[in-house]
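A.B. asks: Here it is, the structure, as structure tokens.
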Amino acid sequence: MDITLNTIDKQFGQFKALDNIDLHIESGELIALLGPSGSGKTTLLRIIAGLEFADGGAVYFGGEDVVAIPLRKRQIGFVFQHYALFKHMTVRDNVSFGLRVRKGETRPDKAVIRRRADELLDLVQLSGLGDRYPHQLSGGQRQRVALARALAIEPKVLLLDEPFGALDAKVRKELRQWLRELHQKTGVTTLFVTHDQEEALELADRVVIMSGGKIAQVGSVDEVYERPASPLVFDFLGSTNRIPAKLQDDHLIVGGQQIARYNGNQTGNVTLYVRPGDLRVAGVSDPGLDVTVLNVQRTGPIVRVTVEIPPTGQRLSVEVPHLHHDVKQFVPQQTVRLRLMQFSVFAAEPDLINEGVLTPHLIGRERSRLAQ
Amino acid sequence: MTFTSRSALPGFHLALGYTLVYLSLIVLIPLAGVFFKAAELGLAEIWAILRSERVLSALTLSFGTALIAAALNAIFGTLVAWVFVRYDFPGKRLFDTMIDLPFALPTAVAGIALTALYAGNGWVGQWLEPLGIKIAFTPVGIIIALLFIGLPFVVRTVEPVLRDMEKELEEAAASLGASRWQTIRLVLLPSLLPSLLTGFALAFARGVGEYGSVIFIAGNLPYVSEIAPLLIVIRLEEFDYAGATVVAAAMLVIAFVMLFVINSLQAWSNRHKVRNQSLALPVQGAKQ
């Protein structure tokens, strides 16, 4: 079932939670709504579900306007962060709840309901736990029960609100993988809300990044990661080095060093965004940024290096896979020339940006050719 | 015999000893006194007193009206608690405080006020009497007095549980297609049942023992509207101490049995919280 959102607005008192949201989701897609808290992502999910009502705009499921259809008839599967299992019912009764509350003809017989509940428990790998009560299960198991319960009504759309937010890191990782597989098996259009960029990137086909009640960017995982539309998106997806820089005479200048050629007729102050993983050691004759190594820290498979740009004293972080030949070159107190493999440049208009008046526009992006 | 496992936190023996002594001094010994006093009479005499029509009808009246009032309070008190938890309205704080008034008021005051209202010439009674409805000086009056006395017990026990009830449970039920009534019946009431039973038990226990408010509105006609606590007082005034304690002991036994049944029901309604606690398995172990 494809979903279309048309100019959705939502206000809570003085607070504008959603501001003119347009979004189209193809049938069968797995979509992440990503954003910091207060960005409106959960409100948007709840409006799609029918748990909340938009002040303006329309929601279409497969071309049909569903705004007037109440929650219980919308046939959506909703999974809550804290599971919302019925504590006084066994796991099987929880899963079959959606079938048991059907009326008259549409309700299957008891044997069918029971079989269906057990099939769903198999699907979520909880076979044999049907007679337990929710409190006898671990958090990960409970969330899988909640999913099975939501799937029991054969939902047109599956909506998950921070589904793994209450679980510990290891279980969260397992469940992500598992949800991905489940989505491939069932093919239900799925939207989930998260504030964890790693989760969004790992799980989703497309990511919707929200901020301040607006959509900051929509795109495939590659698109949003490789080509962030704004500094905000850049900041939000993974860690970033922000370096104040200058454009002058076709060169990008940081702390007096010309670090790259820059074709374009703009001049002025800019901010350069580069991810720690996109910094590598440059050859001596190559253009680059001379920095002093401060400290080198191995964290699992990644070596994190902190360096300092000498004239300004600004610190940058660099991440290199531990087997990379660059690792040897990072020796504390030594000077190293860094190559910026990939970076984005946004116009810096600090005062206006700080006051939220202006989104700095993208001036350009550089991706260095690796074969040199 | 040992029934304690070694604990890093000392104090179990002291705490248990204190509890037993305190409970004995305050509750068990005085109550045992009732039975000893009653035992001064022979079995036949006790039996005769209990079978006398006046005692039987007083006991039936006391327990019957207390049960009916507690049941009504369980229903309407829950509604009141629901409104307080879920809605905001002007004067809510004021009403919230008023709920507790029956706790604080000398119950005789309530009895007098209710009698003034419901007597044949009272504000309410004067309209009901021509219709053939008598409230004051009948068991109906007793039930009304007990409703007044018992309300805060139900509201105050149900309220915190309702407040803690996640709204998400209702949202989940609705998203699964349940109607509002199904959500209330299948999701809300079962989670509320343990606290509802507690409130019911408290209101019932209070109703059985209530004296002050009832004697004014009841009219105290033997065989019709004479409650058991009043009968005990009457027997005492007649210096029939043994007879009074027989009625008292009968009340004790009946009340104990009823509260025990309610407590068992409560344990049963909480079964999903305690049963098979040790069977919980970690994620990996549960996969088959």
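Taken in sequence, the protein lines are chains A and B. Numbering of the first sequence is given in this note's numbering, commencing with residue 274 and proceeding in unit increments. Numbering of the second sequence is given in this note's numbering, commencing with residue 989 and proceeding in unit increments. Beta carbons: idealized from backbone N, C-alpha and C, even for Gly.
(1) Mark B/A1017 as exposed unless 16 or more other C-beta atoms lie within 10 angstroms of its C-beta, in which case mark it buried.
(2) Would A/D343 be called buried (16 or more neighbouring beta carbons within 10 Å of its own) or exposed?
(3) From A/V397, A/D391, A/Q416, A/V374, pick the residue whose C-alpha is nearest to that of A/D404; which is it?
(4) Taking CB distances under 8 Å as the criterion, tell me whether B/Q1170 reaches chain A.
(5) What did DSSP end up calling A/D395 once you bin it into helix, strand or coil?
(6) Name the residue from B/G1138, B/Q1114, B/G1120, B/L1116 whose alpha carbon lies nearest to the alpha carbon of B/G1197.
(7) Can you check which of these residues, A/R375, A/H408, A/L433, A/S484, is closest to A/D292 by C-alpha distance?
(8) Residues in the same chain with beta-carbon distance under 7 Å from A/H355, minus the five sequence neighbours each way, listed in chain order, please.
(9) Indicate whether at least one CB of chain B lies closer than 8 Å to the CB of A/D624.
(10) Quick one: what does DSSP say B/P1252 is sitting in, helix, strand or coil?
(11) Is it right to say B/F1245 is buried, meaning 16 or more other beta carbons lie within 10 angstroms of its own, or is it exposed?
(12) Where do the N-terminal and C-terminal ends of the alpha helix (DSSP H) with A/P517 fall, by residue?
(13) On the three-state DSSP scale, how would you describe B/M1246?
(14) How about B/L1047 and B/A1216: are their beta carbons less than 8 Å apart?
(15) Quick one: is B/L1164 near chain A, going by C-beta distance under 8 Å?
(16) Work out the CA separation of A/M614 and A/A644 for me, nearest whole Å.
(17) Between B/L1157 and chain A, is any beta-carbon pair separated by less than 8 Å?
(18) Using a Cβ-Cβ cut-off of less than 9 Å, give me the residues of the stretch 1215-1234 of chain B that come near chain A, in sequence order.
(19) Considering A/H355, what are the terminal residues of the alpha helix (DSSP H) in which it resides?
(20) Can you tell me whether DSSP reads A/H524 as helix, strand or coil?
(21) Is the beta carbon of A/R534 sitting closer than 8 Å to the one on A/D551?
(22) Along chain B, which residues have their Cβ under 7 Å away from the Cβ of A/K314?
(23) Between A/L402 and A/E427, what straight-line distance do the alpha-carbon atoms span, to the nearest angstrom?
(24) For B/E1028, which of B/V1068, B/L1180, B/A1232 has the nearest alpha-carbon?
(25) How many Å lie between A/P436 and A/T315 at the Cα?
(26) Do we get a CB-CB distance below 8 Å when we pair A/L525 with the residues of chain B?
(27) Interface residues of chain A around B/G1179 at Cβ under 9 Å?
(28) Would B/N1255 pass as an interface residue toward chain A - the criterion being a Cβ-Cβ separation below 8 Å?
(29) Excluding five sequence neighbours on each side, which residues of the same chain lie with their C-beta closer than 6 Å to the C-beta of A/E499?
(30) Which residues does DSSP pair with A/G492 in a beta bridge?
(31) Can you say whether A/Q414 is buried or exposed, counting buried as having 16 or more other CB atoms within 10 angstroms of its CB?
(32) Pick helix, strand or coil for A/L613, following the three-state DSSP scheme.
(33) On the three-state DSSP scale, how would you describe A/D624?
(34) Among the residues of its own chain, which have a CB less than 8 Å from the CB of A/E325, if the five just before and after it don't count?
(35) Could you tell me the alpha carbon to alpha carbon distance between A/G286 and A/D328, rounded to whole angstroms?
(36) With DSSP as the reference, label B/F1064 as helix, strand or coil.
C.D. replies: Reading from the atomic positions:
(1) Here the sequence assigns Ile to residue 1017 of chain B, which means Ala is not the residue at that position. By the 10 Å Cβ count, B/I1017 comes out exposed.
(2) Inspection of the sequence shows that residue 343 of chain A is occupied by Pro rather than by Asp. By the 10 Å Cβ count, A/P343 comes out exposed.
(3) A/D391
(4) yes
(5) helix
(6) B/G1138
(7) A/S484
(8) A439
(9) Note that A/D624 scores 45 on pLDDT, short of 50, meaning its location in the model is unreliable and no value can be drawn from it.
(10) The residue you asked about is not Pro; residue 1252 of chain B is Ser in the sequence shown. Helix.
(11) The displayed chain sequence assigns Val, not Phe, to residue 1245 of chain B. So B/V1245 ends up on the exposed side.
(12) Segment 514-521 is the beta strand (DSSP E) holding A/P517; no alpha helix (DSSP H) there.
(13) helix
(14) yes
(15) yes
(16) Note that A/A644 scores 33 on pLDDT, short of 50, meaning its location in the model is unreliable and no value can be drawn from it.
(17) yes
(18) none
(19) Where A/H355 is concerned, there is no enclosing alpha helix (DSSP H), given that its DSSP letter is neither H nor E.
(20) strand
(21) no
(22) Ordered by position in chain B, no residue passes the 7 Å Cβ test against A/K314, which lies about 17 Å from the chain.
(23) 21 Å
(24) B/A1232
(25) 12 Å
(26) no
(27) Reading off the sequence, residue 1179 of chain B comes out as Ser, not Gly. Those within 9 Å of B/S1179 in chain A are F359, K360, H361.
(28) According to the sequence provided, residue 1255 of chain B is Ala. The question's Asn does not apply to it. False, the Cβ-Cβ gap to chain A never drops below 8 Å.
(29) none
(30) A/V480
(31) buried
(32) strand
(33) Below a pLDDT of 50, predicted positions are generally treated as unreliable, and A/D624, at 45, falls in that range; the measurement from the model is reported next regardless. Residue state, collapsed to three classes: helix.
(34) K283, T316, R319
(35) 12 Å
(36) helix
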